[in-house]
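Asker:
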Amino acid sequence: MRVPPFNPYIAVVIGVLSVSTSAVLVKLAGDAPAAIIANYRLLIAVILMAPIMFLKYRHEFKLITRKDWLLSTLAGIFLAFHFILWFESLNYTSVASSVVLVTLQPIFAFLGTYLFFKERFTPGAIISMIIALLGSVIISWGDFQISGMALFGDILAFIGAIAITAYFLLGQNARRRLSLMTYTFVVYGVSSITLIIYNVLLQNSFTGYSTNYWLIFLALAIFPTFFGHTLFNWALKWLSTSTISMAIVFEPIGASVLAYFILGEKITWSQWLGGTIVIFGLFLFILSTTRKSSVTIHKKVQ
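Per this note's numbering: the sequence shown = residues -13 to 288.
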């Protein structure tokens, strides 16, 4: 294996810091509808990718089979609804609670591989899943004590984790046959179209936002999308999937710290306790399923 141009561990650290900005940026654009924020995040990403896509990868469109178009389209639709659910959850609950619950995605992915690919559970995987889910219950119970709307936000984030799992499970088959650039461009394009239709149906306004909002939309497309997930995918050439997965588990910590300093959000005892338990459970889960990384998806979009 050739030597990487720079240390992949540094790339992973930058990636974690970048994806940690996502929830805070969404909160800062809180007056805009969640679907509009998601729409512009993906649409701007597609626009930024388009020149490279059509200059270097346009020939790959001819290689996409009907099956891959179908899988990529379904994956894009689920990705769109993941963003709608997760961004909407931030209108009701805290950054800490929302991001921790969305981070449960690896567990749902493993459950999906069990249902669709008959992957067997190890005792360690079962125990770690129970630990992580117990932590999510503690977070939700604590938020319910604050308000019913905070619990509603937790539920939206929880469903958002299921939606992103469907996105990965549907797309993993097509991803094996398409380049990262082509697959990402197609899926983001489908998600953008889905969100445009959704916003039209809800009669959400596409215009009338201040310069600060447009800068936030642009930042969402650049930092968590390109400096986050693009660097994770690049680092996978040099590091194991489990290493990347463990790094991503630190996203709730980074997001919570940013929310504290930028938004003034304080972390409650239930978020501290539940979040710690969830992260501990996820670490155990990833360690117990490392040998099964070929069928278990741990990557996440924020």
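Every residue gets a Cβ at the ideal spot worked out from N, C-alpha and C, and that includes glycine.
A quick note: this is a predicted structure, and the numbers were derived from the prediction, not measured.
Can you tell me which of the three DSSP states Val243 falls into?
Answerer: Reduced to three states, the DSSP call for Val243 is helix.
Asker: To which residues of the same chain is Ser58 closer than 6 Å at the C-beta, ignoring the five residues directly before and after it?
Answerer: Excluding residues within five positions, the ones whose Cβ falls inside 6 Å are Ala160, Val172, Val173.
Asker: Contact between the stretch 21 to 40 and the stretch 142 to 154: three or more CB pairs below 8 Å?
Answerer: With the cut-off at 8 Å, the stretch 21 to 40 and the stretch 142 to 154 do not touch.
Asker: Can you tell me whether Leu63 is buried or exposed? The criterion is at least 16 other CB atoms within 10 Å of its CB, across all chains shown.
Answerer: Inspection of the sequence shows that residue 63 is occupied by Ile rather than by Leu. Buried is the call here.
Asker: Gly146: which of Trp200, Gly98, Ser84, Ile182 sits nearest, CA to CA?
Answerer: Looking at the Cα atoms, Ser84 is the closest of the given residues.
Asker: Excluding the 5 residues flanking Tyr169 on each side, which residues of the same chain have their C-beta closer than 8 Å to its C-beta?
Answerer: Closer than 8 Å at the Cβ level, and outside the excluded window around Tyr169, lie Ser58, Gly157, Ala160, Arg161.
Asker: Jot down the residue ranges of each uninterrupted alpha helix (DSSP H) in the stretch 41 to 81, minimum 4 residues, whole runs only, in chain order.
Answerer: Here the runs fully enclosed are 52 to 75.
Asker: Measuring alpha carbon to alpha carbon, tell me which residue in Arg106, Ala233, Gln257, Ile183 is nearest Ile132.
Answerer: Checking every option, the nearest Cα to that of Ile132 belongs to Gln257.
Asker: For the candidate residues Trp220, Thr7, Phe236, whose alpha-carbon lies nearest to that of Leu268?
Answerer: Nearest C-alpha to Leu268: Phe236.
Asker: Would you be able to state if there are at least three C-beta pairs under 8 Å between the stretch 206 to 221 and the stretch 39 to 48?
Answerer: As far as the Cβ criterion goes, the stretch 39 to 48 does not touch the stretch 206 to 221, which means the pair count is below three.
Asker: So, with DSSP's three-state summary, where would you put Ile141?
Answerer: Three-state result, Ile141: helix.
Asker: According to DSSP, is Val235 helix, strand or coil?
Answerer: Correct three-state label for Val235: coil.
Asker: Check each candidate in Arg106, Pro(-9), Ile23 and name the one with the smallest Cα separation from Ile182.
Answerer: Of the listed residues, the one whose Cα sits closest to Ile182 is Ile23.
Asker: Could you compute how far the alpha carbon of Met135 sits from the alpha carbon of Pro(-9)?
Answerer: Cα-Cα distance, rounded: 48 Å.
Asker: Given that a residue counts as buried once 16 or more other Cβ atoms are within 10 Å of its Cβ, and exposed if not, what is Leu206?
Answerer: Flag for Leu206 reads buried.
Asker: Please classify Tyr26: does DSSP put it in a helix, a strand, or coil?
Answerer: Correct three-state label for Tyr26: helix.
Asker: Using three-state DSSP, classify Leu90 as helix, strand or coil.
Answerer: Correct three-state label for Leu90: coil.
Asker: Tell me where the alpha helix (DSSP H) around Asp17 begins and ends.
Answerer: No alpha helix (DSSP H) contains Asp17, which DSSP labels as neither H nor E.
Asker: Between Leu11, Ile(-4), Pro(-6), which has its C-alpha nearest Phe209's C-alpha?
Answerer: Among Leu11, Ile(-4), Pro(-6), the Cα nearest to that of Phe209 belongs to Leu11.
Asker: Using alpha carbons as the reference points, say which of Ile239, Pro92, Ile272, Leu225 lies closest to Asn(-7).
Answerer: Among Ile239, Pro92, Ile272, Leu225, the Cα nearest to that of Asn(-7) is on Leu225.
Asker: In the DSSP assignment, find the unbroken alpha helix (DSSP H) run with Ile182 in it and report its ends.
Answerer: Note, Ile182: alpha helix (DSSP H), 166 to 187.
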